[in-house]
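Numbered according to UniProt numbering, the sequence shown spans residues 1 to 213.
We put the beta carbon where it would ideally sit given N, CA and C, even for glycine.
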Amino acid sequence: MELIDKLSILADAAKYDASCASSGAPKRSSQNKSGLGSTNGMGICHSYTPDGRCVSLLKILLTNFCLYDCQYCVNRRSSDVPRARFTPEEVVTLTLDFYRRNCVSGLFLSSGIIRSADYTMEQLVEVARLLREVHEFRGYIHLKTIPDADPALIEKAGRYADRLSVNIELPTDVSLQTLAPEKDVASIKQAMQTIYTGEQTVRNEPRSPRFAP
Numbered sequence: 001m002e003l004i005d006k007l008s009i010l011a012d013a014a015k016y017d018a019s020c021a022s023s024g025a026p027k028r029s030s031q032n033k034s035g036l037g038s039t040n041g042m043g044i045c046h047s048y049t050p051d052g053r054c055v056s057l058l059k060i061l062l063t064n065f066c067l068y069d070c071q072y073c074v075n076r077r078s079s080d081v082p083r084a085r086f087t088p089e090e091v092v093t094l095t096l097d098f099y100r101r102n103c104v105s106g107l108f109l110s111s112g113i114i115r116s117a118d119y120t121m122e123q124l125v126e127v128a129r130l131l132r133e134v135h136e137f138r139g140y141i142h143l144k145t146i147p148d149a150d151p152a153l154i155e156k157a158g159r160y161a162d163r164l165s166v167n168i169e170l171p172t173d174v175s176l177q178t179l180a181p182e183k184d185v186a187s188i189k190q191a192m193q194t195i196y197t198g199e200q201t202v203r204n205e206p207r208s209p210r211f212a213p
């Protein structure tokens, strides 16, 4: 599958994540037209940084293959949708290409669960590591964390990302058990606690390593 085809599938699959929502303004295509401020929109969303800046991000999934069959998710295991998967290197290539063209200020990356929670989280961290350490990328990175992943992997993600987040999925334990019985409230809360602890450690210990500032 060509990279552009993967991008089409995995940008569309990421649009349901509300933590990085595009503005409600309609997209204005530049096809057959001239003018300033036109967009083609594929995979680009708008988000606000903690200091109030509005930034454009490349918003994609690493993959929309998933082990889980959550009834509310378009990418659930039983869903009949086109599937694709990026390698970490492909995500890095796309991010840098969009960034160099001044289309985006950074990356928002989430993923379906493949093989295991730890393996998926390792892949997400590897994208951020390559961007930061190999390509010296100084743009904005927002990573979705995988609740069942080893806390050490979430901590590692915080060394590279500007922001970490975790989906609470559903508002009550009962609704989670009904619609996503393969998921566990305790693991979601544990992931949130890991992020919170990392942030508090940095605030209380100035010499500690950076964590999702």
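Collapsed DSSP secondary structure at residue i in the structure displayed
{"i": "K59", "result": "strand"}
{"i": "Y196", "result": "helix"}
Cβ pair residue i, residue j closer than 8 Å
{"i": "residue 280", "j": "Y196", "result": "Any property of residue 280 remains undetermined from this structure, which presents the chain solely from 1 to 213."}
{"i": "I60", "j": "A117", "result": "no"}
{"i": "G198", "j": "E155", "result": "yes"}
{"i": "L143", "j": "L130", "result": "no"}
{"i": "S47", "j": "C103", "result": "no"}
{"i": "L67", "j": "I114", "result": "yes"}
{"i": "G52", "j": "L7", "result": "no"}
{"i": "E133", "j": "P88", "result": "no"}
{"i": "L96", "j": "F137", "result": "yes"}
{"i": "L58", "j": "F98", "result": "yes"}
Cβ shell of residue i (< 7 Å), same chain only, five flanking positions each side left out
{"i": "Y72", "result": "L179"}
{"i": "A128", "result": "I141, L143, A157, Y160, A161"}
{"i": "Y16", "result": "V74"}
{"i": "A191", "result": "T145, P147, I154, V166"}
{"i": "E169", "result": "L176, A180, K183, I188"}
Sequence-distant residues of the same chain with beta carbon closer than 8 Å to residue i, five excluded per side
{"i": "R83", "result": "I9, T63, N64, F65"}
{"i": "S187", "result": "P147, D148"}
{"i": "T93", "result": "L3"}
{"i": "V185", "result": "D173, L176"}
{"i": "E90", "result": "L3, K6"}
Residues near residue i by beta carbon distance below 6 Å, same chain, minus five either side
{"i": "G112", "result": "T63, N64, F65, C66, N75"}
{"i": "D150", "result": "D118"}
{"i": "C70", "result": "R76, A180"}
{"i": "M121", "result": "I146, A149, L153"}
{"i": "T194", "result": "P151, I154"}
Distance cut-off 7 Å: residue i Cβ against heavy atoms of the ligand MN
{"i": "L107", "result": "No copy of the ligand MN appears in this structure; indeed no ligand is present at all."}
Complete runs of the beta strand (DSSP E) confined to the UniProt domain "Radical SAM core" (61-193) [at least 3 residues]: 106-110, 140-144, 163-165
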